[in-house]
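For reference, the structure discussed in these notes is given below.
There are 2 protein chains.
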Amino acid sequence: MSDFSREEAEASIQNAKDLVIESLAETMDLYGVTRSAGTLYGTMYFEGDMTLDEMRTQLGMSKPSMSTGVKKLQDLNVAKKTFRRGQRKHTYIAERDFFKFFSDFFSDQWKREANLNLEAIDKAQMQLNETIEDSSLPEETWKEAEKVHRILEESKPYYYWLQNLAAMLRSGELIDAVPYSRKQRKS
Amino acid sequence: MSDFSREEAEASIQNAKDLVIESLAETMDLYGVTRSAGTLYGTMYFEGDMTLDEMRTQLGMSKPSMSTGVKKLQDLNVAKKTFRRGQRKHTYIAERDFFKFFSDFFSDQWKREANLNLEAIDKAQMQLNETIEDSSLPEETWKEAEKVHRILEESKPYYYWLQNLAAMLRSGELIDAVPYSRKQRKS
DNA sequence: TAATTGATTAAAAAAATTTTTAACGTATTG
DNA sequence: CAATACGTTAAAAATTTTTTTAATCAATTA
Numbered sequence: 001m002s003d004f005s006r007e008e009a010e011a012s013i014q015n016a017k018d019l020v021i022e023s024l025a026e027t028m029d030l031y032g033v034t035r036s037a038g039t040l041y042g043t044m045y046f047e048g049d050m051t052l053d054e055m056r057t058q059l060g061m062s063k064p065s066m067s068t069g070v071k072k073l074q075d076l077n078v079a080k081k082t083f084r085r086g087q088r089k090h091t092y093i094a095e096r097d098f099f100k101f102f103s104d105f106f107s108d109q110w111k112r113e114a115n116l117n118l119e120a121i122d123k124a125q126m127q128l129n130e131t132i133e134d135s136s137l138p139e140e141t142w143k144e145a146e147k148v149h150r151i152l153e154e155s156k157p158y159y160y161w162l163q164n165l166a167a168m169l170r171s172g173e174l175i176d177a178v179p180y181s182r183k184q185r186k187s
Numbered sequence: 001m002s003d004f005s006r007e008e009a010e011a012s013i014q015n016a017k018d019l020v021i022e023s024l025a026e027t028m029d030l031y032g033v034t035r036s037a038g039t040l041y042g043t044m045y046f047e048g049d050m051t052l053d054e055m056r057t058q059l060g061m062s063k064p065s066m067s068t069g070v071k072k073l074q075d076l077n078v079a080k081k082t083f084r085r086g087q088r089k090h091t092y093i094a095e096r097d098f099f100k101f102f103s104d105f106f107s108d109q110w111k112r113e114a115n116l117n118l119e120a121i122d123k124a125q126m127q128l129n130e131t132i133e134d135s136s137l138p139e140e141t142w143k144e145a146e147k148v149h150r151i152l153e154e155s156k157p158y159y160y161w162l163q164n165l166a167a168m169l170r171s172g173e174l175i176d177a178v179p180y181s182r183k184q185r186k187s
């Protein structure tokens, strides 16, 4: 039976895509990507490789927007430059492997976070030691220095843990330690 | 020996704190918190409970800023309202347990992300099925519908995996599966 | 219960980010 | 090697977000 005209069917397909594009864009917000770059990713997600002009046509935005958008997606490793034979324009394709994205993104982020904070803690503790070792200061003062030193010391295990987690994620260990299928976990 | 005056020592302690406050604020950017709310958290991190007016004095900002900042931190579960005996003003204290923060934050975020996308995928696939089942359409059209359907189907394992990861994180399983100490992992 | 203090909401101002238009540089092709 | 097409950078415009001031609401106390 023929419920749909061809045009209706194609509009319906586009509508289905849009539902997911919306949802992907909303998600990518959480990964520090603007809504428009997220929508661009979602659009590319359903296409083969695309030129900047094709993107612009689909999204109705300017070409520099596409250029910077693609750049952001490349930084995130979710878009790659491709070669299309006999095509003068540059082409780009979306990375569809979310596991790879997850691993790259969070292992980088967590490693950076841990290193940044541990470095600050080290510097702060060295500076605090100068005060702590100075016996001529009033009790109140070096007690405060010791308190701050202790608070910082107590936070270190978290950052070590985060470094270890990042390493496990990068190596693939973590991915495989969690089941891939639905409701496989005990209830 | 007396290298420091008391004032110098106190300035030095504050300087040490500031190093870490800066670093915490930069980190919290990654968790969707504005720089100023991040700085507020860092400030509270080294203090006991604080009133809005104490915060404002320390940060040199307006009281409504403190009010909305604390609210954001409460939403993130990194600040809690406390009771200070005989204190009319409200007081708040920073949560220092980063493990708890990590678990709460990411298990929520990942669960939301998985559910949101799986829901969109479901709706999209149902809509695509209408086109796929319509035998009167040109081959090109239902082939496209099938392709999109397949792409979506192939992404599901990732979201199931993410749901499982979120559950493992919430239950504490994941935290304990990763070592807490430095360089414990094989090199 | 009136007066006062403190917190939040609303509206305005300020600041930061995103997007576009326009200019520029680079590379490809005839 | 000239001409043209493409991509990126720069500057301007537009939008969004953040912050503040002002007003309102709520609660405590005298």
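Same order as they appear, the protein sequences are chains A and B. Just so it is clear: in the first sequence, position 46 is 46 by my numbering, and no numbers are missing. Just so it is clear: in the second sequence, position 134 is 134 by my numbering, and no numbers are missing. Where is the CB? At the ideal position from N, CA and C, for every residue including glycine.
Specify, as a first and last residue, the run of the alpha helix (DSSP H) that residue i falls within.
i                     : result
residue 141 (chain B) : 139-171
residue 92 (chain B)  : Run containing residue 92 (chain B): none in the alpha helix (DSSP H); it sits in the beta strand (DSSP E), 91-94.
residue 34 (chain B)  : First-last for residue 34 (chain B): undefined, no H or E at that position.
residue 47 (chain B)  : Taken as a continuous stretch (DSSP letters only), residue 47 (chain B) belongs to no alpha helix (DSSP H), as it is neither H nor E.
residue 133 (chain B) : No alpha helix (DSSP H) holds residue 133 (chain B); DSSP gives it neither H nor E.
residue 3 (chain B)   : Premise fails: residue 3 (chain B) is in no alpha helix (DSSP H) and is neither H nor E.
residue 66 (chain A)  : 63-75
Just the chain A side, please: which residues come within less than 7 Å of residue i by C-beta, in chain order?
i                     : result
residue 152 (chain B) : 20
residue 160 (chain B) : 180, 181 and 182
residue 121 (chain B) : 20
residue 6 (chain B)   : 137, 138 and 141
residue 46 (chain B)  : 148 and 151
Under 7 Å Cβ-Cβ, which residues of chain B neighbour residue i?
i                     : result
residue 189 (chain A) : Outside the shown range of chain A, which is 1 to 187, sits residue 189 (chain A), and nothing can be said about it.
residue 165 (chain A) : 178
Would you report the Cα separation of residue i and residue j, rounded to the nearest angstrom?
i                     : j                     : result
residue 116 (chain A) : residue 28 (chain A)  : 24 Å
residue 9 (chain A)   : residue 38 (chain A)  : 26 Å
residue 151 (chain B) : residue 127 (chain B) : 14 Å
residue 82 (chain B)  : residue 76 (chain B)  : 16 Å
residue 23 (chain B)  : residue 55 (chain A)  : 38 Å
residue 84 (chain B)  : residue 47 (chain B)  : 14 Å
residue 122 (chain A) : residue 92 (chain A)  : 43 Å
residue 172 (chain A) : residue 142 (chain A) : 46 Å
residue 14 (chain B)  : residue 175 (chain A) : 42 Å
residue 187 (chain A) : residue 30 (chain B)  : Bear in mind that a pLDDT of 44 at residue 187 (chain A), under 50, signals an unreliable position, so the model cannot answer this.
residue 49 (chain A)  : residue 153 (chain B) : 21 Å
residue 90 (chain B)  : residue 155 (chain A) : 27 Å
residue 108 (chain B) : residue 135 (chain B) : 43 Å
residue 17 (chain B)  : residue 101 (chain B) : 21 Å
residue 80 (chain A)  : residue 63 (chain B)  : 47 Å
Measure the CB-CB distance between residue i and residue j and report whether it falls below 8 Å.
i                     : j                     : result
residue 130 (chain B) : residue 103 (chain A) : no
residue 66 (chain B)  : residue 52 (chain B)  : yes
residue 132 (chain B) : residue 124 (chain B) : no
residue 41 (chain A)  : residue 98 (chain B)  : no
residue 160 (chain A) : residue 94 (chain A)  : no
residue 120 (chain A) : residue 20 (chain B)  : yes
residue 137 (chain A) : residue 106 (chain B) : no
residue 178 (chain B) : residue 165 (chain A) : yes
residue 33 (chain A)  : residue 72 (chain A)  : yes
residue 68 (chain B)  : residue 58 (chain B)  : no
Since residue i meets chain A, which of its residues come closer than 8 Å, beta carbon to beta carbon?
i                     : result
residue 75 (chain B)  : Chain A residues near residue 75 (chain B): none, gap ~15 Å exceeds 8 Å.
residue 157 (chain B) : 180 and 181
residue 53 (chain B)  : Correct list: empty, because the minimum Cβ distance to chain A is about 22 Å.
residue 9 (chain B)   : 131, 134, 137, 141, 142 and 145
residue 124 (chain B) : 16, 17, 19 and 20
Over the uninterrupted beta strand (DSSP E) stretch that includes residue i, give me the two end residues.
i                    : result
residue 82 (chain A) : 79-82
Of the residues that make up the region 89-120 of chain B, which ones have a beta carbon closer than 8 Å to any beta carbon in chain A? 96, 98, 99, 102, 109, 113, 116, 117, 119 and 120
Closer than 8 Å, Cβ to Cβ, to anything on chain B: give me those residues from the region 21-36 of chain A, in chain order. Hits within the stretch, in order: 22, 23, 24, 26, 27, 30 and 32.
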